[in-house]
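So for the sequence shown, the UniProt record's numbering puts the first residue at 1; every next one is plus one.
Note that beta-carbon positions come from the ideal geometry of N, C-alpha and C, so glycine has one too.
I have placed the structure first, in the form of structure tokens, so that the comments after it can refer back to it.
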Amino acid sequence: MSNLWTRAELEAATGGRFLDCAGQPTTATPEGAVSGISIDTRTLQPGDLFIALKGDASDGHAHVQAALDKGAAAAMVHRAAGLADPRVLVVADTMQGLQDLAVAARTRFAGKVVAVTGSVGKTTTKEMLRLCLGANGKTHAAEASYNNHWGVPLTLARLPRDAAFCISEIGMNHPGEILPLAHMVRPDVALITTIGSAHLGHMGSLDAIAAEKASLITTLPAGGIAIVPDDAHGASFFAAAAQQASASLWTAGANPNSTAHMSALHAGADGTHFTASIAGVDVPVHIPAPGVHLARNALSALAACAALNTNLPKAAAALEAFAPGKGRGALSRIAGGAVTLLDESYNASSASIRAALDVLHHIPASRRIAVLGDMRELGDFATAEHTALAQPAAVSADLVFCCGPHMKSLFDALPHARQGAWADNAASLAPLVCAALRTGDAVLVKGSLGSRMRDIIAALGTLAAVEPA
Ligand SMILES: Nc1ncnc2c1ncn2[C@@H]1O[C@H](COP(=O)(O)OP(=O)(O)OP(=O)(O)O)[C@@H](O)[C@H]1O
Ligand SMILES: [Mg+2]
Numbered sequence: 001m002s003n004l005w006t007r008a009e010l011e012a013a014t015g016g017r018f019l020d021c022a023g024q025p026t027t028a029t030p031e032g033a034v035s036g037i038s039i040d041t042r043t044l045q046p047g048d049l050f051i052a053l054k055g056d057a058s059d060g061h062a063h064v065q066a067a068l069d070k071g072a073a074a075a076m077v078h079r080a081a082g083l084a085d086p087r088v089l090v091v092a093d094t095m096q097g098l099q100d101l102a103v104a105a106r107t108r109f110a111g112k113v114v115a116v117t118g119s120v121g122k123t124t125t126k127e128m129l130r131l132c133l134g135a136n137g138k139t140h141a142a143e144a145s146y147n148n149h150w151g152v153p154l155t156l157a158r159l160p161r162d163a164a165f166c167i168s169e170i171g172m173n174h175p176g177e178i179l180p181l182a183h184m185v186r187p188d189v190a191l192i193t194t195i196g197s198a199h200l201g202h203m204g205s206l207d208a209i210a211a212e213k214a215s216l217i218t219t220l221p222a223g224g225i226a227i228v229p230d231d232a233h234g235a236s237f238f239a240a241a242a243q244q245a246s247a248s249l250w251t252a253g254a255n256p257n258s259t260a261h262m263s264a265l266h267a268g269a270d271g272t273h274f275t276a277s278i279a280g281v282d283v284p285v286h287i288p289a290p291g292v293h294l295a296r297n298a299l300s301a302l303a304a305c306a307a308l309n310t311n312l313p314k315a316a317a318a319l320e321a322f323a324p325g326k327g328r329g330a331l332s333r334i335a336g337g338a339v340t341l342l343d344e345s346y347n348a349s350s351a352s353i354r355a356a357l358d359v360l361h362h363i364p365a366s367r368r369i370a371v372l373g374d375m376r377e378l379g380d381f382a383t384a385e386h387t388a389l390a391q392p393a394a395v396s397a398d399l400v401f402c403c404g405p406h407m408k409s410l411f412d413a414l415p416h417a418r419q420g421a422w423a424d425n426a427a428s429l430a431p432l433v434c435a436a437l438r439t440g441d442a443v444l445v446k447g448s449l450g451s452r453m454r455d456i457i458a459a460l461g462t463l464a465a466v467e468p469a
């Protein structure tokens with residue numbers, strides 16, 4: 001069993017105290033260690049430290065006994081009433097305790113840290129980095145997005161002491177959220193994937209979004225490297241932040257003058273190929289999934305590898321193993337193989353819908369069908385942001401189905417011949433989409449998590465066959 005934290009280290013990092021068998025704090029130096037960290041007893045492994053976090057809707061303190069019964073090596077709590085187990089570590093506040101562990105993990109870490117933020121593409125880029133850096137040394141990253149006030153410290157607290165690389169995804173919904181997380185992460189390389197209109201409702205403007213992302217760059221050490229898209233809104237914010245940190249600014253994209261640039265790009269249904277040129281080195285890249293946006297993410301990931309002086313050809317070759325995450329662009333055959341499905345049901349923003357429509361456009365098919373659900377968190381910008389997608393949707397799709405109140409404005413802006421159907425919710429739209437499919441079609445399903453487009457994916461998955469074309 002690996003030793004992630006000794007009990008003595010847990011006490012030292014958090015200022016907490018383990019209990020004795022009578023339920024009293026003990027001053028004896030505790031023995032033993034924990035091998036992992038859990039905040040959910042359903043996925044807890046024996047040997048884990050269970051941290052009883054208190055959320056809005058739930059309180060981990062209700063599950064401490066269950067965690068101990070499942071073999072937790074320790075349980076961090078801030079309410080110990082009724083607990084008389086020497087595995088219980090009492091701290092002033094468990095969220096603070098988790099953050100203290102994150103800070104201690106970062107302090108003891110001798111490897112390099114890459115932080116990834118951006119409006120879209122964080123998890124995809126993080127997964128690419130996991131492959132690229134993993135080809136060069138032991139690499140730690142969270143298994144899911146984990147990019148918020150608990151996800152970031154949890155990822156750091158789980159960082160094995162002997163890893164060479166750590167990748168941290170940092171997200172935000174509101175102004176000011178990135179900086180405290182970035183100070184915890186203290187990246188050596190800061191990577192911004194994209195600047196787009198996601199969360200525009202809370203943020204108010206693209207400038208505000210760019211400034212927020214740029215705050216990550218200010219936490220670089222002098223001589224650290226920031227990697228930013230070469231065509232994104234916010235170049236002046238990135239430059240100012242890099243100057244503030246005395247960091248280097250690398251650009252990445254299709255511009256031949258960029259520090260990392262791509263050429264000979266081919267993005268088809270068979271995958272995405274390009275040549276990455278970074279700091280004077282050219283490497284061929286093949287990603288076995290379609291999408292120009294994937295090439296851009298891969299280029300940025302490879303730039304981060306170059307920034308860390310790792311072996312670039314090895315890093316590029318590792319991308320052969322990339323597979324799109326769940327609901328993030330997986331291609332499959334449905335209806336007995338008659339229809340191609342592009343599953344983008346995980347989430348949607350203007351940038352990612354445009355990217356997905358572009359992928360749809362390049363899938364060989366007799367007809368291309370887009371099924372689009374509402375984008376959320378756009379506030380007053382919702383109607384304009386949805387309507388603006390009518391043009392790219394009409395270019396890429398022969399027929400467009402729309403779901404949800406905001407998508408009504410896109411639907412109404414489509415040419416009549418492109419209008420499939422609109423419905424208020426996914427359950428109502430699913431049968432209409434199923435009935436419209438014909439042999440040889442390709443269908444894209446995309447929408448914000450809350451628009452429940454995965455229910456349409458589920459309905460499509462039950463189709464045994466469709467009518468001939
Ligand atoms: N560079 C990109 N440009 C546009 N769309 C992208 C890009 N990278 C990924 N996407 C698409 O955006 C969606 C979300 O991707 P991903 O999960 O990587 O983003 P994220 O930033 O981690 O999102 P979240 O904020 O929900 O954690 C997916 O549909 C994906 O295919
Ligand atoms: Mg994510």
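* Asked: Does the segment 113-120 come close enough to the segment 52-69 to have 3 or more Cβ pairs within less than 8 angstroms?
  -> No, they do not touch.
* Asked: For D270, does the count of other Cβ atoms within 10 angstroms reach 16, so buried, or fall short, so exposed?
  -> Here residue 270 refers to the residue found at position 270 of the sequence shown. In this structure D270 is exposed. Its beta-carbon is surrounded by fewer than 16 other beta-carbon atoms within 10 angstroms.
* Can you list, in chain order, the residues of its chain whose CB lies under 8 angstroms from that of P160, leaving out five sequence neighbours each side? -> In the sequence shown, the residue the question calls residue 160 occupies position 160. Apart from sequence neighbours up to five positions away, the residues of its chain that approach P160 with a beta-carbon distance below 8 angstroms are S2, L4, K138, H140, ordered along the chain.
* Just checking, does the segment 21-40 make contact with the segment 81-99 on the three C-beta pairs under 8 angstroms criterion? -> yes
* Asked: Taking the alpha-carbon positions, what's the N297 to H273 distance?
  -> For the purposes of this step, residue 297 is taken as residue 297 along the sequence shown, with counting starting at 1. For the purposes of this step, residue 273 is taken as residue 273 along the sequence shown, with counting starting at 1. Cα atoms of N297 and H273: separation of roughly 13 angstroms, rounded to the nearest angstrom.
* State the CB to CB distance for the pair M53 and G60, rounded to an integer number of angstroms; the pair is presumed to be in contact (CB under 8 angstroms). => The count along the sequence shown starts at 1 and reaches residue 53 at position 53. The count along the sequence shown starts at 1 and reaches residue 60 at position 60. For the sequence presented, residue 53 should be read as Leu rather than Met. Confirmed, Cβ separation roughly 5 angstroms.
* **Beta carbon of V359 nearer than 8 angstroms to that of L342** => Start at 1 with the first residue of the sequence shown, and residue 359 comes out as number 359. Start at 1 with the first residue of the sequence shown, and residue 342 comes out as number 342. Contact: yes.
* Quick one: residues in its chain with C-beta nearer than 6 angstroms to the C-beta of L437, no 5 flanking neighbours on either side, listed in chain order? => Counting from 1 along the sequence shown, the entry for residue 437 is found at position 437. V339, V466.
* Return the CA-CA distance between P415 and A394, expressed in angstroms with no decimal places. => As a position in the sequence shown, residue 415 is number 415, starting the count at 1. As a position in the sequence shown, residue 394 is number 394, starting the count at 1. Answer to the nearest angstrom: the Cα atoms are 7 angstroms apart.
* Does the segment 420-434 come within contact of the segment 291-305, defined as at least 3 CB pairs closer than 8 angstroms? -> Touching, no.
* Asked: Just the Cα atoms here: how many angstroms apart are M17 and S35?
  -> Within the sequence shown, numbered from 1, the residue matching residue 17 stands at position 17. Within the sequence shown, numbered from 1, the residue matching residue 35 stands at position 35. With the sequence shown as reference, residue 17 is identified as Arg, and Met is not the correct amino acid for it. Cα to Cα, R17 sits roughly 19 angstroms from S35.
* Asked: Can you tell which of G337, L399, L101, E169 has the C-alpha that lies nearest to the C-alpha of T6?
  -> Numbered from its first residue, the sequence shown carries residue 6 at position 6. The candidate whose alpha carbon is nearest that of T6 is L101.
* Complete runs of the alpha helix (DSSP H) confined to the UniProt domain "Mur ligase N-terminal catalytic" (34-90) [at least 4 residues] -> 64-69
* Asked: What are the complete alpha helix (DSSP H) segments, minimum 4 residues, inside the segment 296-343?
  -> 312-318
* Return the Cβ separation of V185 and S168 in integer angstroms, given the expectation that the two are a contact with Cβ distance under 8 angstroms. => The count along the sequence shown starts at 1 and reaches residue 185 at position 185. The count along the sequence shown starts at 1 and reaches residue 168 at position 168. About 5 angstroms; that satisfies the 8 angstroms criterion.
* For V443, does the count of other Cβ atoms within 10 angstroms reach 16, so buried, or fall short, so exposed? -> The residue you call residue 443 lines up with position 443 of the sequence shown. When all chains shown are included, V443 counts as buried.
* Does the beta-carbon distance from L294 to C132 come in below 8 angstroms? -> Residue mapping note: residue 294 aligns to position 294 of the sequence shown, counting from 1. Residue mapping note: residue 132 aligns to position 132 of the sequence shown, counting from 1. Not a contact, by the Cβ cut-off of 8 angstroms.
* **Which residues DSSP lists as bridging V443, in chain order** => Counting from 1 along the sequence shown, the entry for residue 443 is found at position 443. L341, I369.
* When the Cα of residue 479 is compared with those of L460, V433, Y346, C403, which residue comes out closest? -> Because the chain in this structure spans residues 1 to 469, residue 479 falls outside the shown range and cannot be described.
* To do: Grab the span of the alpha helix (DSSP H) containing K126 for me, first residue to last.
  => Counting from one through the sequence shown, the residue named residue 126 turns up at place 126. Run containing K126: 122-134, per the alpha helix (DSSP H) assignment.
* Using the C-alpha atoms, what's the distance from M203 back to G47? -> Here residue 47 is taken as the residue at index 47 of the sequence shown, counted from 1. Here residue 203 is taken as the residue at index 203 of the sequence shown, counted from 1. In a straight line, the C-alpha of G47 is about 42 angstroms away from that of M203.
* Taking Cβ to Cβ, would you say L216 is nearer than 8 angstroms to A247? -> Translated into the one-based positions of the sequence shown, residue 216 becomes position 216. Translated into the one-based positions of the sequence shown, residue 247 becomes position 247. For L216 and A247, no; Cβs fall outside 8 angstroms.
* What residue range is occupied by the uninterrupted beta strand (DSSP E) comprising G461? -> What you label residue 461 is simply residue 461 of the sequence shown in a count that begins at 1. Unbroken run through G461 is the alpha helix (DSSP H), 454-461; no beta strand (DSSP E).
* Where the beta strand (DSSP E) containing P229 begins and where it ends -> Position 229 of the sequence shown, counted from the first residue, corresponds to residue 229. It spans 225-229 - the beta strand (DSSP E) in which P229 sits, taken as one unbroken run.
* Since L399 contacts I369 with CB under 8 angstroms, what's their CB separation in whole angstroms? -> As a working note, residue 399 is residue 399 in the sequence shown. As a working note, residue 369 is residue 369 in the sequence shown. Confirmed, Cβ separation roughly 5 angstroms.
* Reduced DSSP secondary structure (H/G/I, E/B, other) of E377 -> Position 377 of the sequence shown, counted from the start, is the residue given in the question as residue 377. E377 falls in the coil class under three-state DSSP.
* Asked: Candidates A80, E9, G71: which alpha carbon is nearest C21's?
  -> Here residue 21 refers to the residue found at position 21 of the sequence shown. The shortest C-alpha separation from C21 is found at A80.
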